[in-house]
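Single-structure report; data block below.
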Amino acid sequence: MTATRLSVFPLAGALLFPRMHLPLHIFEPRYRALISDALARDRRIGMIQPRDANEPPALFDVGCVGRIAEVEALPDGRYDIVLEGLTRFTVLRELDVTTPFRQVEAELEAAGEEEVLAIAERASLEMESRRFADGLGYAVDWEAVTRLDDESLVNGIAQIAPFDVASKQALLEADGLSARAELIVQLMQFFGRHGEEGGVTLQ
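This is the structure we're talking about:
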């Protein structure tokens with residue numbers, strides 16, 4: 001692992017994983033400044049979730065570095081961007097800076113190899129995903145889903161599933177694709193069951 005300085009974008013519910021993509025619409029002045037700065041440097045920013053609703057919010061310890069792969073600068077100063085996930089990072093400390101956006105010293109994970117699931121793990125995930133989506137009334141192109149590689153399927157679900165912030169963070173921090181897939185199944189069963197009972201509000 002290597003330590004580096006990262007400008008971070010705290011955004012609840014927005015997960016990024018290595019080799020995945022995340023589209024974002026940037027409109028707040030401080031984050032427009034963040035994107036301008038990143039474009040002038042190495043195009044990298046750290047996506048991380050806030051822990052609370054304070055201002056500024058406390059941050060979770062783990063996020064993911066994203067490279068700005070696509071950018072459209074709008075006439076009024078806003079940006080539409082697509083981030084490509086590079087590697088997870090762990091925050092070592094927050095830096096005292098004068099920029100309108102926050103910066104941290106972070107330890108970057110070594111980039112890992114693409115992972116695969118066992119056949120039974122994949123089948124279980126697909127089955128639970130269908131049940132969950134049907135229960136929420138989501139329209140899903142299941143034929144397209146079956147063509148996804150394991151990593152795109154697992155991490156794609158983790159990015160878009162309507163779980164709460166803490167659950168999303170647990171998915172990001174899960175150690176390995178199998179563990180993440182198993183946690184997704186558990187969360188779908190929990191939120192699906194409690195959603196039917198009206199006991200849990202999905203984000």
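Take the sequence shown: its position 50, counted from the start at 1, is 50 in the UniProt record's numbering, and no numbers get skipped. Don't be surprised by glycine CBs; every beta carbon is placed ideally from N, CA and C.
DSSP-derived helix/strand/coil call for residue i
| i | result |
| --- | --- |
| Glu-128 | helix |
| Met-188 | helix |
| Asp-37 | helix |
| Gln-203 | No answer about Gln-203 holds up, because its pLDDT of 36 lies below 50 and its placement is not dependable. |
| Gln-120 | Here residue 120 is Ala; the residue named in the question, Gln, does not match the sequence. Three-state DSSP puts Ala-120 in a helix. |
| Met-20 | coil |
| Leu-172 | helix |
| Glu-182 | helix |
| Pro-10 | strand |
| Leu-15 | coil |
| Val-97 | coil |
| Arg-43 | coil |
| Arg-193 | helix |
Span of the beta strand (DSSP E), counted from its first residue to its last, around residue i
| i | result |
| --- | --- |
| Gln-103 | 102-108 |
| Ala-53 | Where Ala-53 is concerned, there is no enclosing beta strand (DSSP E), given that its DSSP letter is neither H nor E. |
| Thr-87 | 79-94 |
| Glu-72 | 62-73 |
Assumed close pair residue i, residue j - CB separation to whole angstroms, cut-off 8 Å
| i | j | result |
| --- | --- | --- |
| residue 208 | Phe-101 | The requested residue 208 does not occur in the structure, where the chain is confined to residues 1 to 203. |
| Gly-156 | Met-20 | 7 Å |
| Ala-181 | Val-145 | Incorrect: roughly 14 Å between the Cβ atoms, too far for contact. |
| Ile-184 | Leu-171 | 7 Å |
| Gly-66 | Val-165 | Gly-66 to Val-165, Cβ: 18 Å. No contact. |
| Glu-3 | Glu-94 | Here residue 3 is Ala; the residue named in the question, Glu, does not match the sequence. With a Cβ gap of about 14 Å, Ala-3 and Glu-94 do not count as contacting. |
| Glu-70 | Tyr-79 | The pair is not a contact, with the Cβ atoms about 10 Å apart (cut-off 8 Å). |
Beta-carbon gap between residue i and residue j smaller than 7 Å
| i | j | result |
| --- | --- | --- |
| Glu-173 | Val-62 | yes |
| Gly-46 | Val-82 | no |
| Thr-87 | Pro-18 | yes |
| Lys-168 | Leu-59 | no |
| Glu-115 | Leu-177 | yes |
| residue 206 | Arg-32 | The question about residue 206 has no answer, for the chain in this structure spans 1 to 203. |
| Glu-128 | Met-188 | yes |
| Arg-43 | Ile-26 | no |
| Phe-132 | Gly-192 | yes |
| Pro-75 | Pro-10 | no |
| Asp-149 | Leu-117 | no |
Residue i Cβ short of 6 Å to the ligand ZN heavy atom set
| i | result |
| --- | --- |
| Pro-10 | You won't find the ligand ZN in this model; it holds no ligand whatsoever. |
Alpha helix (DSSP H) segments (min. 4 residues) lying fully within the segment 126-166
142-146, 150-160
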